[in-house]
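Those letters in the sequence shown? Residues 20 to 208, by this note's numbering. No residue lacks a Cβ here, since even glycine has one placed at the ideal position from N, Cα and C. These notes concern the structure reproduced below.
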Amino acid sequence: MIATAKFLRQLGEKEIAELYEQVADYLKQSNKTYMELLEIRKRVVSSIQLKEVHKQLLDIIEKCLQSGSEDEICKNLPNDAEKIFGVYKEKPYLVDQILTILDLGIQEMLGAMVYTAYLAKAAAIADYSAGRDENDEKYLGEVRDHQKEIIEFMMKYAQINKEFVKSDEVDEFMREVEDNARQHLSGES
């Protein structure tokens, strides 16, 4: 997590880097609270949004597909970039869907890590009542108080994953993108 945060800082993604650092700190803490977990979840959902990246990507594709574009990014593209980018331009809703899948995947991964770290302590202390102190009892009470929310979170992401598995159109689109990339790369060899 820390290495990813450093890399994100190098890319100028300060907000997401800080989020990764916050998650890493939470994972290391011995006394985790549900309120901290919720704060991290809110930051994850608000910070991990690839929709703006999608808009920027489509703007770049359109700009580069226009003849005579002098933009530096367009100059560095291969001559047959129009063939590669044409797939994206024809089906922008699928690119949006792919980025949504990535958004949710990253959000789910970070959320699952935070929830797992939060519940790990409960698993360790719930088995044995001997040796528990007041803090342990308070923590277990907090887990009981929020178990419905935790289960709802996990069920929501399970349902999202189930829906994505049913969607064949994204798979077909990705196969088309991969085929175009392979053709392009084999043509350069």
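| query | Tyr53: which of Leu69, Val114, Leu159, Ile67 sits nearest, CA to CA? | reply | To locate residue 53, count along the sequence shown from 1; it is residue 34. When only C-alpha atoms are compared, the closest one is Leu159.
| Where Tyr45 falls, given that 16 or more other Cβ within 10 Å makes a residue buried | Along the sequence shown, read from residue 1 onward, the residue named residue 45 stands at position 26. Result: buried.
| query | Short check: CB of Arg60 to CB of Val133, under 8 Å? | reply | Here residue 60 corresponds to residue number 41 of the sequence shown, with the count starting at 1. Here residue 133 corresponds to residue number 114 of the sequence shown, with the count starting at 1. For Arg60 and Val133, yes; Cβs fall inside 8 Å.
| said: If you reduce the DSSP assignment to three classes, tell me which class Ala149 lands in. | reply: For the purposes of this step, residue 149 is taken as the residue at position 130 of the sequence shown. Note: Ala149 maps to coil in three-state DSSP.
| Integer-rounded CB distance, given that Lys51 should sit under 8 Å from Tyr137 | Mapped onto the sequence shown, residue 137 falls at position 118. Mapped onto the sequence shown, residue 51 falls at position 32. Their Cβ separation, rounded to whole angstroms, is 5 Å, which keeps Tyr137 and Lys51 in contact under 8 Å.
| message | Would the region 79-96 count as touching the region 166-174 if we require 3 or more Cβ pairs under 8 Å? | response | no
| request: Could you check what DSSP says for Asp164 in three-state terms: helix, strand or coil? | output: Indexing the sequence shown from 1 puts residue 164 at position 145. Reduced to three states, the DSSP call for Asp164 is helix.
| query | Under a Cβ-count criterion, where at least 16 other Cβ atoms within 10 Å of its own Cβ denotes burial, should Ala143 be classed as buried or exposed? | reply | Position 124 of the sequence shown, counted from the start, is the residue given in the question as residue 143. Answer is exposed; the Cβ neighbour count stays below 16.
| request: Compare the Cα-Cα distances from Ala43 to each of Leu30, Gln29, Lys25 and report the closest residue. | output: On the sequence shown, residue 43 is found 24 positions in, with the first residue counted as 1. Considering only alpha carbons, the answer is Lys25.
| query | CB Val63 to CB Leu129, shorter than 8 Å? | reply | Here residue 63 refers to the residue found at position 44 of the sequence shown. Here residue 129 refers to the residue found at position 110 of the sequence shown. Yes.
| Helix, strand or coil for Asn154 per DSSP? | Looking up residue 154 in the sequence shown gives position 135. DSSP places Asn154 in helix when its eight states are reduced to three.
| request: Could you check if Leu30 is buried or exposed, using at least 16 other CB atoms within 10 Å of its CB as the buried criterion? | output: As a first step, residue 30 must be located in the sequence shown, where it is residue number 11. Exposed: under 16 other Cβ atoms inside 10 Å.
| field | Anticipated Cβ contact below 8 Å, Ile35 with Gln126, distance rounded | value | As a first step, residue 35 is located in the sequence shown; it is residue number 16 there, counting from the start. As a first step, residue 126 is located in the sequence shown; it is residue number 107 there, counting from the start. In fact, because the Cβ distance is near 12 Å, the residues do not count as touching under 8 Å.
| task | Return yes when the Cβ of Phe192 is within less than 8 Å of the Cβ of Lys110, no when it is not. | result | Within the sequence shown, the letter at position 91 stands for residue 110. Within the sequence shown, the letter at position 173 stands for residue 192. Yes; because the gap between Cβ atoms is below 8 Å, this pair is in contact.
| query | Out of curiosity, what's the CA-to-CA distance linking Gln116 and Asp146? | reply | Reading the sequence shown from its first residue, position 97 is the one you call residue 116. Reading the sequence shown from its first residue, position 127 is the one you call residue 146. About 43 Å.
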